[in-house]
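So in the numbering used here, the last one in the sequence shown is 235, and the numbering has no gaps at all.
For glycine and all other residues, C-beta sits at the position ideal for the given N, C-alpha and C.
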Amino acid sequence: AALFIGISKSIEEKKKVTTLRQLAAFVRAMKNEVCSEKTSLCKLIYSDSLDSFYALSRFIENMRSGVKALGERRFCDIWSECVNRSFPDIPEKAKSSLMTLGMSLGRYDAEIQMKAFERCESILQSECEDAERELKSNGKMYIGLGGCAGAIIALMLV
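Rendered as structure tokens:
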């Protein structure tokens, strides 16, 4: 059981790295579509190109459901709710950068939105690099500690 806990922790950390990596790529793709291609946010949310971000599928589905309420609710409120529901385990700095990005989407001109995308992407990339370093240094430790704890417990029971 202890080994399983160590493996689970290692897998959880790998998922966090994958999510952060895909969030950075997602923000980069959004920046290109919104700022360069002038794609509307609503059209982008329903774009098939977003389906390739498999680690973000819950967020994308939540956004697709949420934008149906535009007019009754502000886009930034829908975005924030989806970020909170979809990414409970990402670092607070990453979550905060996504929230800040959501506040500027569709509200300001393309130049200000471009800067917001770039700031968010930079923070997500930095958080991803930090998570990768942590996983590299601690991933095997989680499994090793779980295995050792399990062996010690087994010896105590014998």
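Pair within 7 Å by beta-carbon distance, residue i and residue j
i      : j      : result
CYS112 : MET140 : no
MET58  : CYS153 : Absent from the structure is residue 58, since the part of the chain shown begins at 78 and ends at 235.
ILE200 : SER174 : yes
ALA194 : VAL94  : The residue asked about is misnamed: residue 194 is Phe in this sequence, not Ala. Going by C-beta atoms, PHE194 is not nearer than 7 Å to VAL94.
GLU110 : LEU121 : yes
GLY183 : LEU133 : no
Assigned exposure category for residue i - 16 Cβ within 10 Å defines buried
i      : result
ALA101 : buried
LEU147 : exposed
PHE90  : Before going further, note that residue 90 is Glu rather than Phe in the sequence given. GLU90 is buried by the Cβ-count criterion.
LYS108 : buried
Collapsed DSSP secondary structure at residue i in the structure displayed
i      : result
ARG141 : helix
LEU147 : strand
GLU114 : coil
SER124 : coil
PHE130 : coil
Original post:
Between the stretch 128-145 and the stretch 200-214, do at least 3 Cβ pairs fall closer than 8 Å?
Top reply: They do not touch, by the three-pair rule.
Original post:
Is there contact between the stretch 163-172 and the stretch 185-196, where contact requires at least three CB pairs shorter than 8 Å?
Top reply: The stretch 163-172 is not in contact with the stretch 185-196.
**OP:** Identify every run of the alpha helix (DSSP H) within the stretch 145-211, keeping only runs that are complete inside it and at least 4 residues long; order them along the chain.
**Re:** DSSP runs (the alpha helix (DSSP H)) wholly in the stretch 145-211: 152-163 and 169-181.
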